[in-house]
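The block underneath contains the structure these notes are about, expressed in C-alpha cells.
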Amino acid sequence: MPGNGEAVTRRTEDPSTQARSGERSAFVLSRGLVMLFAVACGAAVANVYFSQPLLVTMGHDLAMSPALVGSVVTLTHIGYGLGLFFLVPLGDVADRRRLIVAQLLLLVVALAVVAAAHTAVILLAGMAATGLLAVVTQTLVAFAASLAPPAARGRVVGLVTSGVVIGILLARTASGLIADLAGWRSVYLASASLTALLALVLYRVLPRHSDAPPPTLRYGQLLRSTITLFARERLLRLRALFGLLIFAAFSTLWSSVALPLSEAPYFLPHSAIGALGLIGVAGALAATVAGRLNDRGLSRRTTGIALALLAASWLPLAFTRSSLWALAVGVILLDLAVQAVHVTNQTLIYALHPDAGSRLIGGYMVFYSLGSATGAIAATSLYTVAGWGAVCALGAAFSCLGLVLWAFTRHNTPGPAAKVSSRSDA
Numbered sequence: 540m541p542g543n544g545e546a547v548t549r550r551t552e553d554p555s556t557q558a559r560s561g562e563r564s565a566f567v568l569s570r571g572l573v574m575l576f577a578v579a580c581g582a583a584v585a586n587v588y589f590s591q592p593l594l595v596t597m598g599h600d601l602a603m604s605p606a607l608v609g610s611v612v613t614l615t616h617i618g619y620g621l622g623l624f625f626l627v628p629l630g631d632v633a634d635r636r637r638l639i640v641a642q643l644l645l646l647v648v649a650l651a652v653v654a655a656a657h658t659a660v661i662l663l664a665g666m667a668a669t670g671l672l673a674v675v676t677q678t679l680v681a682f683a684a685s686l687a688p689p690a691a692r693g694r695v696v697g698l699v700t701s702g703v704v705i706g707i708l709l710a711r712t713a714s715g716l717i718a719d720l721a722g723w724r725s726v727y728l729a730s731a732s733l734t735a736l737l738a739l740v741l742y743r744v745l746p747r748h749s750d751a752p753p754p755t756l757r758y759g760q761l762l763r764s765t766i767t768l769f770a771r772e773r774l775l776r777l778r779a780l781f782g783l784l785i786f787a788a789f790s791t792l793w794s795s796v797a798l799p800l801s802e803a804p805y806f807l808p809h810s811a812i813g814a815l816g817l818i819g820v821a822g823a824l825a826a827t828v829a830g831r832l833n834d835r836g837l838s839r840r841t842t843g844i845a846l847a848l849l850a851a852s853w854l855p856l857a858f859t860r861s862s863l864w865a866l867a868v869g870v871i872l873l874d875l876a877v878q879a880v881h882v883t884n885q886t887l888i889y890a891l892h893p894d895a896g897s898r899l900i901g902g903y904m905v906f907y908s909l910g911s912a913t914g915a916i917a918a919t920s921l922y923t924v925a926g927w928g929a930v931c932a933l934g935a936a937f938s939c940l941g942l943v944l945w946a947f948t949r950h951n952t953p954g955p956a957a958k959v960s961s962r963s964d965a
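Shown next as C-alpha cells:
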C-alpha cells in the first residue's frame with residue numbers, strides 16, 4: 540500500500556481460521572480483562588529481576604562466593620532465554636488458557652523452591668526454573684493480541700506491554716522494600732502467593748475455547764518453524780533488530796545508573812536508587828499511545844519519532860552527575876521511546892501470521908534478551924574504565940544506530956502480503 544509498508548495487516552485466512560475468528564468474536568475483551576493481562580505480565584516478568592538488589596544478602600545467608608552470587612542473575616536470564624525459544628511457541632499449538640495456568644502453577648513451585656533454598660545448588664536451580672517459567676509473560680501477550688479485534692490490537696498490546704515494562708521497572712524497588720521488612724525469602728513467598736492467586740483468577744476468567752489451530756506440528760517442527768519465519772519475513776527481521784537496539788540502550792541505562800548515584804555528590808541509598816523506577820513508569824504509561832497510533836496506520840512514523848526521542852534522551856542523561864532533574868527527564872524520555880517502539884514492533888509482527896503469534900513474539904523477544912545482555916555487560920564494563928560519560932555515549936550509539944536503520948529502511952520495507960490493510964501514514 541502506498542506510503543505505509545508496515546501498516547497493521549491481516550493475511551488471507553483459510554476456512555478453519557475464519558471459524559476460529561468467528562468463535563473469538565463472540566468473546567468480548569473488556570478493559571478489565573486487558574488490565575488483568577497487564578498485571579499478570581508485570582507480576583510474572585518481575586520474578587526475573589527481584590534478585591538484583593538481594594544478591595549480597597543471599598550470598599551472606601547461603602555462604603556463597605561473589606562469583607557464585609553473580610551467577611544467580613546469569614542463570615535466571617539464561618532460563619528466560621531458553622523459555623522464549625522452547626516454551627513460548629507452544630502457545631500456537633496448545634490451549635493458551637491451560638498453558639498459561641499450568642506455567643503459572645509451575646512458577647509457584649519454582650518460587651517456593653527459591654524461598655526455601657538452604658544451599659547454593661538449590662537456589663541456583665530454583666532461579667533457573669523461575670526464569671524459564673517467567674516467559675509465561677510472552678504467552679499472555681500473544682493471547683491478549685489474539686483476543687483483540689484487529690482494529691484495536693495495537694491499543695491492547697500497548698496496555699498489556701505496559702504491564703511488562705512496569706513490572707521490570709518496579710521489581711527492584713518492591714524486592715528491596717519487602718526484603719528490608721521481612722527478609723529476602725519473603726520476596727519470593729509473596730510472589731508465589733500472588734502468582735497462585737493470578738493462576739486461579741485467570742483460570743476462571745479467560746475464555747475456555749482455544750484460538751490455536753489443531754496441533755498438526757510436532758514439537759521439533761514447531762521450533763524449526765520459528766527459524767523459518769525469520770528467514771522468510773523481512774519485516775520480522777527488521778523489527779527484531781529494532782528490538783535488540785532499543786533494549787541494548789534500555790539496559791545500558793538501567794544496569795549502570797546506580798553506580799554514579801551511589802557515589803559523590805549524591806551517595807544515595809539503595810532504596811532511593813530503586814525508587815528511580817517510579818519515574819520510569821511515567822514514561823512507560825505515556826507510551827501506551829503508541830498502540831493507538833499503530834491502529835491508525837502510523838507505525839512507521841511512530842517508530843521514527845520514538846527512536847529520535849531515544850537518541851535525544853542521552854543528552855539530559857549525560858548531566859546526571861550535576862542534576863537529578865536532568866536524570867528524571869532523560870529516564871522519562873528513554874522509557875517512553877523504548878515502550879513506543881516495543882509496542883509497535885509486537886503489534887506489527889503479530890499481524891504477519893496471527894496463527895503463529897506465539898512463535899513470532901517469542902522469537903522477537905530472543906533479540907530483546909540479546910540486546911539487554913549486551914547493554915548490561917558493555918555498560919558496567921565501560922563505567923569501570925571510562926566513567927558515566929562513556930556509558931551515555933554507548934547508549935546514544937545504540938539509539939542512533941536504531942534511528943539510522945529506520946531512516947535507511949522506512950521507504951523500502953515491504954509489508955506482509957495482505958488481504959486487508961489499515962490506513963497509510965504517508
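The working numbering puts the sequence shown at residues 540 to 965. Note that beta-carbon positions come from the ideal geometry of N, C-alpha and C, so glycine has one too.
CB contact flag (residue i, residue j, <8 Å)
i      : j      : result
Ala651 : Leu601 : no
Gly618 : Ala668 : yes
Thr975 : Val930 : Absent from the model: residue 975. The displayed extent of the chain is 540 to 965, so no value can be given.
Pro746 : Arg636 : yes
Ser801 : Ile818 : no
Arg694 : Arg831 : yes
Val699 : Val573 : yes
Val584 : Ile707 : yes
Ala731 : Ile717 : no
Ala829 : Ala850 : no
Thr765 : Arg898 : yes
Pro853 : Gly928 : Correcting the residue type first, residue 853 is Trp in the shown sequence and not Pro. Not closer than 8 Å, so no.
Gly670 : Val726 : no
Thr827 : Ser701 : yes
Gln677 : Leu643 : no
Ala687 : Leu837 : no
Ala932 : Leu733 : no
Val648 : Ile785 : no
Tyr903 : Ala770 : no
Ala735 : Val640 : no
Leu672 : Leu646 : yes
Leu891 : Leu774 : yes
Reference residue i; option with closest CA among the options
i      : options                           : result
Thr859 : Thr913, Leu645, Pro804 and Thr842 : Pro804
Leu761 : Gly697, Pro628 and Gly581         : Pro628
Ser685 : Ala946, Thr886, His950 and Ala915 : Thr886
Asp834 : Ser862, Gly697 and Val870         : Gly697
Phe680 : Met666, Ile900 and Arg743         : Rather than Phe, the amino acid found at residue 680 in this sequence is Val. Among Met666, Ile900 and Arg743, the Cα nearest to that of Val680 is on Ile900.
Arg763 : Leu708, Phe625, Met904 and Gly581 : Phe625
Gly843 : Ala890, Leu607, Ser604 and Trp945 : Trp945
Val882 : Met666, Pro592, Val640 and Val704 : Val704
Ala847 : Ala687, Val905 and Leu940         : Leu940
Val674 : Ser714, Gly620 and Ala710         : Gly620
Val612 : Phe906, Pro592 and His599         : Pro592
Glu772 : Ala895, Leu645, Ala867 and Thr919 : Ala895
Asp874 : Phe789, Val595, Phe589 and Pro893 : Phe789
Asn884 : Ser911, Arg776 and Ser908         : Arg776
Leu909 : Ser795, Ser610, Gly782 and Ser920 : Gly782
Arg757 : Ala633, Leu921, Ala890 and Ala915 : Ala633
Ala713 : Thr767, Gly816 and Trp793         : Gly816
Ala823 : Gly869, Ala664 and Leu798         : Gly869
Arg840 : Thr767, Leu942 and Leu872         : Leu942
Tyr889 : Leu768, Gly926, Ser862 and Ala814 : Leu768
Cys580 : Thr596, Phe682, His599 and Arg711 : Phe682
Terminal residues of the alpha helix (DSSP H) in which residue i lies
i      : result
Arg637 : Arg635 to Ala655
Phe625 : Pro605 to Phe625
Pro855 : Ser838 to Leu856
Gln591 : Segment: none, Gln591 is in no alpha helix (DSSP H) and carries neither H nor E.
Asp719 : Arg692 to Ala721
Pro799 : Ala797 to Leu800
Gly665 : Ala659 to Leu672
Arg771 : Tyr758 to Arg771
Ala683 : Val675 to Leu686
Ala803 : First-last for Ala803: undefined, no H or E at that position.
Arg831 : Val828 to Asp834
Chain C contact for residue i (CB, 8 Å cutoff)
i      : result
Ala788 : The structure shown contains no chain C; it holds only a single protein chain.
Subject >> Segments of 3+ residues assigned as beta strand (DSSP E) that fall wholly inside the region 878-933 >> reply: none
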